[in-house]
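Data block below; observations after.
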Amino acid sequence: MKILLTGVAGFLGSHLAKKLLENDFIVYGLDNFSTGALANLDFRNHPNFTLINQDVSIPCSLRTDAILNFACPASPKYYQIDPVKTIETNFLGVSNLLKLARETDAILLQASTSEVYGDPLVNPQRESYWGNVNPIGIRSCYDEGKRSAETLCFDYKRQFNVDSRVIRIFNTYGPKMSIDDGRVVSNFIVQALRNEPLTIYGDGSQTRSFCFVSDLVEGIFKVLTLNTKLEGPLNLGNPNQLSMLELAQKIIEVTNSKSKFIYKTLPEDDPKIRQPDITKAKEILNWSPKINIDKGIRLTTEYFIRHLKNA
């Protein structure tokens, strides 16, 4: 099976590419390296891997069996640097890829996000929930970019019978996150290893549900290899939520750090709760996460210890 994987040099894309190669897929990895890193491609000399240095907003004519779209910065730190580029990457990128999927009769797997739920008014969030999103805020370039990408996927499914599969990814962490990633797990671990104060936004009571990257990749692989079409979006994440203060304390314990906490103002539109309902994924894929937060933090911390030594 030939795969076009966009965003291949990113945290998640590189893990996914490795999984595909281990299962004898032929992978064409596309990335413009705006946030991805060549160092993540430790498989780049694999005979079944080809790297394409290109922006996803530029049309691609490659014929493959499936297209996996993971091209877009996922951290607010990076997607807010150039919000116009962010929403263009989301909309133009998936538009180009859906046209290609229609022309080549390929599966299109779109990496959407829990951010489509915004600052949710229900907990946990089911796929049937329409969300509570500010369409004109500082996070809107990403939130609304992903929502518009979902719209295109389902319009192409209805109008042109494209086999589009939309997954809504909840907070993911693990090795290959960059030191300056900007997301909370990597921020806390790097600060703790350096014995710097851990930055808590707001009062730290806001919750997230963290999924270790290998669990998520297994779920994505199951979606790709599903032998029937996927109707509607699908949540993929770990349903065990914890507060930012609880996460910070776990990381302090694992790293044996002397770090204290400092508190800063909660950013605009930052969600107060985030927890996936994965009933649908369990039923359709027979999938649920296996690595708990304590083991995941240990594995991620070990990676950063090695990475910081070589930085």
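In our numbering, the protein residues as written are 783 to 1093. Glycine residues also receive a C-beta, built at the ideal position from the N, C-alpha and C atoms.
Cα-Cα separation, residue i to residue j
i: THR891; j: PHE807; result: Strictly speaking, residue 891 in this sequence is Leu, with Thr absent from that position. The alpha-carbon atoms of LEU891 and PHE807 are separated by roughly 16 Å.
i: CYS935; j: PHE952; result: 19 Å
i: ASP1076; j: THR788; result: 31 Å
i: GLN907; j: THR1061; result: 11 Å
i: GLY875; j: LYS801; result: 23 Å
i: LEU1024; j: GLN1057; result: 9 Å
i: GLU1050; j: VAL1036; result: 31 Å
i: PHE1043; j: ASN827; result: 43 Å
i: GLN973; j: CYS854; result: 26 Å
i: GLU932; j: ASN1038; result: 43 Å
i: THR871; j: LYS1040; result: 41 Å
i: ILE1034; j: GLY1014; result: 40 Å
i: LEU903; j: VAL915; result: 10 Å
i: ASN943; j: SER877; result: 15 Å
i: LEU1006; j: LEU880; result: 16 Å
i: GLY1019; j: PHE815; result: 26 Å
i: ILE863; j: ARG1080; result: 31 Å
i: GLY818; j: GLY956; result: 15 Å
i: GLU909; j: PHE852; result: 20 Å
i: VAL966; j: SER839; result: 29 Å
i: LEU980; j: ALA856; result: 21 Å
i: LYS1072; j: SER796; result: 21 Å
i: LYS939; j: ILE889; result: 11 Å
i: CYS842; j: GLU978; result: 45 Å
i: LEU1048; j: GLU885; result: 45 Å
i: ILE1087; j: ASN969; result: 13 Å
i: ILE1002; j: ARG976; result: 34 Å
i: ASN1068; j: ASP1059; result: 14 Å
i: LEU882; j: ASP901; result: 34 Å
i: TYR911; j: LYS1004; result: 23 Å
i: LYS1011; j: TYR924; result: 27 Å
Residues bridged to residue i (per DSSP)
i: TYR1094; result: Nothing about residue 1094 can be read from this structure; the chain reaches only from 783 to 1093.
i: PRO1058; result: GLN907
i: GLN892; result: ASN851 and VAL948
i: TYR810; result: LEU786 and THR832
i: ASN914; result: GLY900
Best match in the options for proximity to residue i [C-alpha to C-alpha]
i: PHE831; options: ASN814, ALA848, PHE815 and ILE785; result: ILE785
i: SER987; options: VAL948, LYS1054 and ARG884; result: LYS1054
i: LEU1008; options: THR989, ASP945 and ASN977; result: ASP945
i: VAL898; options: GLU926, ASN878 and ILE920; result: GLU926
i: ASN905; options: SER968, LEU833 and ARG990; result: ARG990
i: PHE992; options: LYS1011, LEU980 and ALA1030; result: ALA1030
i: ASN805; options: LEU820, GLU1000, SER910 and PRO979; result: GLU1000
i: ASP985; options: ASN835, LYS1046 and GLN973; result: LYS1046
i: ILE869; options: ASN835, LEU850, GLY919 and ASP887; result: GLY919
i: PRO865; options: GLY1019, LYS1032 and LYS928; result: LYS928
i: ASP887; options: ALA848, SER894, SER857 and ASP901; result: ALA848
i: MET1026; options: ARG884, ALA856 and TYR983; result: TYR983
i: LYS1091; options: ILE961, TYR911 and LEU812; result: ILE961
i: LYS1032; options: GLY1078, LEU882, LEU998 and LEU879; result: GLY1078
i: GLU1084; options: THR981, LYS1011 and ILE971; result: ILE971
i: ARG947; options: PRO841, TYR810, ARG1088 and LEU1016; result: LEU1016
i: GLN836; options: GLY811, LEU1067 and LEU882; result: GLY811
i: PRO1021; options: ASP1052, ARG976, SER1070 and LEU975; result: SER1070
i: ASN1074; options: LEU998, ILE1066, THR1010 and HIS1089; result: LEU998
i: TYR860; options: ALA883, GLN941 and GLY964; result: GLY964
i: ASP1052; options: PRO858, VAL809 and MET783; result: PRO858
i: THR1082; options: PRO829, SER894 and THR954; result: THR954
Cβ separation of residue i and residue j, assumed to be a contact under 8 Å, to the nearest whole Å
i: LEU844; j: LEU833; result: At roughly 13 Å, the Cβ-Cβ gap does not stay under 8 Å, so LEU844 and LEU833 are not in contact.
i: SER896; j: ARG950; result: 6 Å
i: LYS958; j: PHE793; result: 5 Å
i: ALA799; j: LEU820; result: At roughly 13 Å, the Cβ-Cβ gap does not stay under 8 Å, so ALA799 and LEU820 are not in contact.
i: PHE873; j: SER922; result: About 13 Å; that fails the 8 Å criterion.
i: LEU850; j: PHE825; result: No, LEU850 and PHE825 are not in contact; Cβ-Cβ is about 16 Å, not under 8 Å.
is_contact[residue i, chain B] using C-beta, thresh 9 Å
i: PRO841; result: In summary, chain B is missing from the structure at hand, where a single protein chain is found.
>> For a minimum of 4 consecutive residues, which ranges assigned as the alpha helix (DSSP H) are wholly contained in the stretch 989-1055?
In response: Entirely contained in the stretch 989-1055, the alpha helix (DSSP H) runs reaching 4 residues are, in chain order, 995-1006 and 1026-1037.
>> My parser needs the beta strand (DSSP E) runs of 3 or more residues fully inside the stretch 930-955; what are they?
In response: Runs of the beta strand (DSSP E) inside the stretch 930-955: 946-951.
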